[in-house]
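Under UniProt numbering, think of the first position of the sequence shown as 1, with each following residue one higher.
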Amino acid sequence: MKSLLVIGGDRIGNILKNLEGEGFGEVIHLNGRKKKMVRTDIPRKVDLILVLTDFINHNLTGAIKRRAQEYGIPICFSKRSWCFIHEEIKRSQINVNK
């Protein structure tokens, strides 16, 4: 069972159902609005990080990107629309499986 960390977006109701349909059994969501979240650590058990770019603190984006590279966790960036999210997840899984 794959796990996913979603950063950004205040509510991800229907997106959560779609992610479960894509095979993500565990989805962890952080809204990414508060300045303090820059210090938040990434759980190392996640298989993929999804950053919703239209609802996130800009400094947090850079911090998450650096930590993901340190831990070797794939990261993808998308708008908060299922068609964009689905495309980015497909692209990232292709890159991971190579």
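All C-beta atoms in this analysis are idealised placements derived from N, C-alpha and C, irrespective of residue type, glycine included.
Proximity of residue i and residue j at Cβ, strictly below 9 Å
| i | j | result |
| --- | --- | --- |
| I64 | I7 | yes |
| G21 | M1 | no |
| L16 | T40 | no |
Span separating the alpha-carbon of residue i from that of residue j
| i | j | result |
| --- | --- | --- |
| G13 | K79 | 15 Å |
| R11 | N31 | 8 Å |
| H18 | H29 | Here residue 18 is Asn; the residue named in the question, His, does not match the sequence. Computed Cα separation, rounded: 14 Å. |
| K77 | T53 | For the sequence presented, residue 77 should be read as Phe rather than Lys. Answer to the nearest angstrom: the Cα atoms are 6 Å apart. |
N- and C-terminal bounds of the beta strand (DSSP E) containing residue i
| i | result |
| --- | --- |
| E26 | 24 to 30 |
Limits of the alpha helix (DSSP H) - the one that residue i falls within
| i | result |
| --- | --- |
| K17 | 13 to 21 |
| K65 | 58 to 71 |
Opposing strand residues paired with residue i [DSSP bridges]
| i | result |
| --- | --- |
| F84 | According to DSSP, F84 bridges with nothing at all. |
| S3 | E26 |
Whole-Å CB distance - residue i paired with residue j, under 8 Å assumed
| i | j | result |
| --- | --- | --- |
| S92 | K45 | That belief does not hold up - the Cβ atoms of S92 and K45 are roughly 17 Å apart, past 8 Å. |
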